[in-house]
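A.B. asks:
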Amino acid sequence: MNQRGVATTNGGSGSGSVGVRIQQSRRLPDFLQSVNLKYVKLGYHYLISNLLTLCFIPAIAALSIQVSQMNLDDLRQLWLHLQYNLVSIIICSAILVFGLTVYIMTRPRPVYLVDYSCYRPPDHLKAPYGRFLEHSRLTGDFDESSLEFQRKILERSGLGEETYVPKAMHSIPPTPSMAAAREEAEEVMFGALDTLLRNTNVSPKDIGILVVNCSLFNPTPSLSAMIVNKYKLRGNIRSFNLGGMGCSAGVIAVDLAKDLLQVHRNTYAVVVSTENITQNWYFGNSKSMLIPNCLFRVGGSAVLLSNKSNDRRRAKYKLIHVVRTHRGADDKAFRCVYQEQDDAGKIGVSLSKDLMAIAGGALKTNITTLGPLVLPISEQLLFFTTLVVKKLFNASVKPYIPDFKLAFDHFCIHAGGRAVIDELEKNLQLLPIHVEASRMTLHRFGNTSSSSIWYELAYIEAKGRIRNRNRIWQIAFGSGFKCNSAVWQALRNVKPSSNGPWEDCIDNYYSDIVDI
1 MNQRGVATTN GGSGSGSVGV RIQQSRRLPD FLQSVNLKYV KLGYHYLISN LLTLCFIPAI
61 AALSIQVSQM NLDDLRQLWL HLQYNLVSII ICSAILVFGL TVYIMTRPRP VYLVDYSCYR
121 PPDHLKAPYG RFLEHSRLTG DFDESSLEFQ RKILERSGLG EETYVPKAMH SIPPTPSMAA
181 AREEAEEVMF GALDTLLRNT NVSPKDIGIL VVNCSLFNPT PSLSAMIVNK YKLRGNIRSF
241 NLGGMGCSAG VIAVDLAKDL LQVHRNTYAV VVSTENITQN WYFGNSKSML IPNCLFRVGG
301 SAVLLSNKSN DRRRAKYKLI HVVRTHRGAD DKAFRCVYQE QDDAGKIGVS LSKDLMAIAG
361 GALKTNITTL GPLVLPISEQ LLFFTTLVVK KLFNASVKPY IPDFKLAFDH FCIHAGGRAV
421 IDELEKNLQL LPIHVEASRM TLHRFGNTSS SSIWYELAYI EAKGRIRNRN RIWQIAFGSG
481 FKCNSAVWQA LRNVKPSSNG PWEDCIDNYY SDIVDI
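Going by the UniProt record's numbering, the first residue of the sequence shown is number 1, and it counts up by one from there.
#1: Would you call the CB atoms of Lys316 and Leu491 closer than 8 Å?
#2: Check the DSSP bridge columns for Val487 and list the partner residues they point to.
#3: Please check the pair Tyr112 and Asp311, which I expect to be a contact at CB under 8 Å, by giving their CB distance rounded to whole angstroms.
#4: Thinking C-beta only, is Gly250 closer than 8 Å to Ile413?
#5: Going by the beta-carbon positions, is the gap between Ser215 and Gly243 smaller than 8 Å?
#6: Could you tell me which of Asp504, Asn499, Asn508 and Tyr509 sits nearest to Ser117, measuring between CA atoms?
#7: Give me whichever residues DSSP pairs with His410 in a beta bridge.
#8: Assuming Glu162 contacts Arg444 under a Cβ cut-off of 8 Å, what Cβ separation, rounded to an integer in Å, is found between them?
#9: By the three-class DSSP mapping on this structure, what secondary structure does Asn280 have?
#10: Go ahead and pull the three-state DSSP assignment for Leu351.
#11: Can you tell me which of the three DSSP states Thr365 falls into?
#12: What does the alpha-carbon distance come out to for the pair Leu375 and Leu138?
#13: Only counting the same chain, and skipping five residues up and downstream in sequence, which positions put a Cβ closer than 6 Å to that of Gln474?
#14: So Val273 and Asn484 are supposed to be a Cβ contact under 8 Å. How far apart are they, rounded?
#15: Short of 6 Å in beta carbon distance, which residues of its chain neighbour Ala269, apart from the five on each side in sequence? Order them along the chain.
#16: Output the boundary residues of the beta strand (DSSP E) element that contains Ala225.
#17: Leaving out the 5 sequence neighbours to the left and right, which residues in its chain are closer than 7 Å to Gly246 when beta-carbon positions are compared?
#18: Looking only at its chain, what residues have a beta carbon closer than 6 Å to the beta carbon of Ile22, apart from the 5 residues adjacent to it on each side?
#19: Report the rounded CA-to-CA distance for Asp504 versus Val114, giving the unit in angstroms.
#20: Select from Trp502, Val211 and Glu379 the residue whose C-alpha is nearest the C-alpha of Val271.
#21: Does residue 564 come out as helix, strand or coil in the three-state DSSP assignment?
#22: In the structure shown, what three-state DSSP assignment does residue 543 receive?
#23: If you draw a straight line from the alpha carbon of Ala458 to that of Thr441, how long is it in whole angstroms?
#24: Please report how far the alpha carbon of Ala62 lies from the alpha carbon of Asn71, in whole angstroms.
#25: Per DSSP, which residues does Cys118 bridge with? Please list them.
#26: If distances are taken between C-alpha atoms only, which option among Ala94, Ser64, Ala185 and Asp141 comes closest to Ala344?
#27: Note down, in chain order, each residue of its chain lying with its Cβ closer than 7 Å to the Cβ of Pro176, except the 5 sequence neighbours on either side.
#28: How would you label Asn470, buried or exposed, when you count the other beta carbons within 10 angstroms and need 16 or more for buried?
#29: Tell me whether Ser288 sits in a helix, a strand or coil according to DSSP, three-state version.
#30: Out of curiosity, what's the CA-to-CA distance linking Asn201 and Thr195?
#31: For Pro218 and Phe296, what's the separation of their Cα atoms in angstroms?
#32: I'd like the list of long-range same chain contacts for Pro173, defined as Cβ closer than 7 Å, with 5 residues on each side in sequence excluded.
#33: So what does DSSP say about Gly345, is it helix, strand or coil?
#34: I'd like the span of the alpha helix (DSSP H) that includes Leu428, first residue to last.
#35: Tell me the DSSP bridge mates of His326?
#36: Let me know the secondary structure DSSP gives Val263 once reduced to three states.
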């Protein structure tokens, strides 16, 4: 084990080098310095919206205690009293029936995660460092400066020697055609869906909702239509295809499916998350556009959600919260991940030097809203007290950063790159074991975009760490700029499903993480 949790596997030389110091301008901002009050208010609004339910709990408890202390004489006197107050009884009964009816009709329906699967590409698509760099050189599209830049990025990236690139990129010269891009999409989506349907024994005809997200490849017919055609889904299926929404689109897709499951009863929703690399490989020499070539790799996931009450017994998780943050109103945030042409007319995705700072701002907004929903009251009081003191008295008091380890048992942080994971570990004051799944996913599969959080959850399951009622926090970043969180609660001690992505390699990844 080296590099703070990246396992040493056969040939993993790239991840064995010690990372250089991140420049201050590219670090996430220190969350201890500032917190925006309006987002605190938004979070507390969510809390207060459930205050009525919380107020009923003490009243019901007091009533239960009073009833338990009554004897037969008390009950007889109560009956005689009620006989002479028929109107009061009718009014109270009507109010009770009305209240119960409103509660039953308006309460959100629980959304269960029955199971999910992650695509495991075939071994012939692996791209070791040496082969990656040699193929880049043989294409003739990159000058020596660009080749050296890619080598350094790979060495510092946290990726291992067993990540995957699509078939078209293994050819010399590469063949990034529309047909090859469709082939990649079909292999990833159908591979994940075949495993999911096999593990859950769900018929494609039982699926009522389909949501697919893929940022950079949106053909006609759409990816969702390709799935409908492949599995012969029913004609009245509600299908959606989300494009251009970045690496956080997986959480957005889950949120959309959750909302649809509130409306359409007794059905299944499938969420497919992937990214397509074939037609989005950059063949130019702009440094800011070369980074995605070094980080993004083939991967995808398929998730089966249900609102059926009888699925609770076999489901793995229950969806508790989804919190979404969008910073697109800010011009810098909007352009920090931007698809465009370089000076030579070659298309690529440019990453701004301000990306880390913008991601930090989005994260701060997101967790400030999420905190009141998930943190224990003790942490919320400490946080709120220090914030009020700072605002009212203009004191040089650093806002108290809540301990999210008290709210969550497991963390699935988007494996966007080693620097992102390092800074989140530091700013959220996490332990190495909390970011282990993210580091291992980055090492084994690379940045698989919106599906990376599912590879991370699969890693935690494969390690046998998820117990009944454990809470999992999935957090992802994406272009726009967006930061989105999903909170799940385990409904049992969860074991990994068959044909999982870590099935034959989990023993190569260790838990005894030591910082260097």
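All C-beta atoms in this analysis are idealised placements derived from N, C-alpha and C, irrespective of residue type, glycine included.
From a predicted model like this one, the values you see are computed outputs, not experimental measurements.
C.D. replies: For this structure:
#1: By 1-based counting over the sequence shown, the position of residue 316 is 316. By 1-based counting over the sequence shown, the position of residue 491 is 491. In contact: Lys316 and Leu491 (Cβ atoms closer than 8 Å).
#2: One-based indexing of the sequence shown puts residue 487 at position 487. Bridge partners of Val487: His321 and Trp473.
#3: Mapped onto the sequence shown, residue 112 falls at position 112. Mapped onto the sequence shown, residue 311 falls at position 311. Between Asp311 and Tyr112 the Cβ distance is about 5 Å, and since that is below 8 Å, they are a contact.
#4: Taking the sequence shown and counting its residues from 1, one reaches residue 413 at position 413. Taking the sequence shown and counting its residues from 1, one reaches residue 250 at position 250. The answer is no: Cβ separation not under 8 Å.
#5: Position 215 of the sequence shown holds residue 215. Position 243 of the sequence shown holds residue 243. For Ser215 and Gly243, yes; Cβs fall inside 8 Å.
#6: Counting from 1 along the sequence shown, the entry for residue 117 is found at position 117. Answer by Cα proximity: Asn499.
#7: Position 410 of the sequence shown, counted from the first residue, corresponds to residue 410. DSSP lists Ile472 as partners of His410.
#8: For the purposes of this step, residue 162 is identified with residue 162 of the sequence shown, where counting begins at 1. For the purposes of this step, residue 444 is identified with residue 444 of the sequence shown, where counting begins at 1. About 6 Å; that satisfies the 8 Å criterion.
#9: Here residue 280 corresponds to residue number 280 of the sequence shown, with the count starting at 1. Three-state result, Asn280: helix.
#10: Residue mapping note: residue 351 aligns to position 351 of the sequence shown, counting from 1. Reduced to three states, the DSSP call for Leu351 is strand.
#11: The residue you call residue 365 lines up with position 365 of the sequence shown. Helix at Thr365.
#12: By 1-based counting over the sequence shown, the position of residue 375 is 375. By 1-based counting over the sequence shown, the position of residue 138 is 138. Cα to Cα, Leu375 sits roughly 53 Å from Leu138.
#13: For the purposes of this step, residue 474 is identified with residue 474 of the sequence shown, where counting begins at 1. So the list reads Cys412, Ile453 and Ala486, once near-sequence residues are dropped.
#14: Position 273 of the sequence shown holds residue 273. Position 484 of the sequence shown holds residue 484. In the sequence on display, residue 273 carries Ser and not Val. About 12 Å; that fails the 8 Å criterion.
#15: On the sequence shown, position 269 is the one that residue 269 refers to. Within the same chain, Ala269 has close Cβ partners Ile209, Ala257, Leu261 and Leu305.
#16: For the purposes of this step, residue 225 is taken as residue 225 along the sequence shown, with counting starting at 1. Unbroken run through Ala225 is the alpha helix (DSSP H), Leu223 to Tyr231; no beta strand (DSSP E).
#17: Your numbering for residue 246 matches position 246 in the sequence shown. If we look at Gly246 and ignore the five residues flanking it on each side, its Cβ neighbours are Ser215, Val337, Gly478, Ser479, Gly480 and Lys482.
#18: Indexing the sequence shown from 1 puts residue 22 at position 22. Legend: pLDDT at Ile22 = 36, less than 50; position of this residue unreliable, value from coordinates given subsequently. Contacts found: Ala419.
#19: Working through the sequence shown from its first residue, we reach residue 504 at position 504. Working through the sequence shown from its first residue, we reach residue 114 at position 114. Approximately 23 Å, taken between the alpha carbons.
#20: Position 271 of the sequence shown, counted from the first residue, corresponds to residue 271. Here the closest residue by C-alpha is Val211.
#21: A question about residue 564 goes unanswered here, because the residues of the chain that appear run from 1 up to 516.
#22: No answer is possible for residue 543: it lies beyond the span of the chain, which begins at 1 and ends at 516.
#23: In the sequence shown, counting from the first residue as 1, residue 458 sits at position 458. In the sequence shown, counting from the first residue as 1, residue 441 sits at position 441. Using only the alpha carbons, I get a separation of about 9 Å.
#24: Translated into the one-based positions of the sequence shown, residue 62 becomes position 62. Translated into the one-based positions of the sequence shown, residue 71 becomes position 71. If you take the alpha carbons of Ala62 and Asn71, they lie about 17 Å apart.
#25: Your numbering for residue 118 matches position 118 in the sequence shown. Ser301.
#26: Position 344 of the sequence shown, counted from the start, is the residue given in the question as residue 344. Out of Ala94, Ser64, Ala185 and Asp141, Asp141 has the C-alpha closest to the C-alpha of Ala344.
#27: For the purposes of this step, residue 176 is identified with residue 176 of the sequence shown, where counting begins at 1. Counting only Cβ-Cβ distances below 7 Å, and skipping sequence neighbours, we find Ala168, Thr278, Gln279 and Trp281.
#28: Here residue 470 refers to the residue found at position 470 when the sequence shown is read from its first residue. Per the 10 Å Cβ criterion, buried.
#29: Mapped onto the sequence shown, residue 288 falls at position 288. Three-state DSSP puts Ser288 in a helix.
#30: As a position in the sequence shown, residue 201 is number 201, starting the count at 1. As a position in the sequence shown, residue 195 is number 195, starting the count at 1. Roughly 10 Å between the two C-alpha positions.
#31: Against the sequence shown, residue 218 aligns to sequence position 218. Against the sequence shown, residue 296 aligns to sequence position 296. As written in the sequence, residue 218 is Asn, which differs from the Pro given in the question. Answer to the nearest angstrom: the Cα atoms are 18 Å apart.
#32: By one-based count along the sequence shown, residue 173 stands at place 173. Only Thr139 meet the Cβ criterion.
#33: Residue 345 sits at position 345 when you count from the first residue of the sequence shown. It is coil, neither helix nor strand.
#34: Residue mapping note: residue 428 aligns to position 428 of the sequence shown, counting from 1. Neither: Leu428 is in no alpha helix (DSSP H) and is coded neither H nor E.
#35: If you number the sequence shown from 1, residue 326 lands on position 326. Lys482, per the DSSP bridge assignment.
#36: Within the sequence shown, the letter at position 263 stands for residue 263. If DSSP states are grouped into helix, strand and coil, Val263 belongs with the helices.
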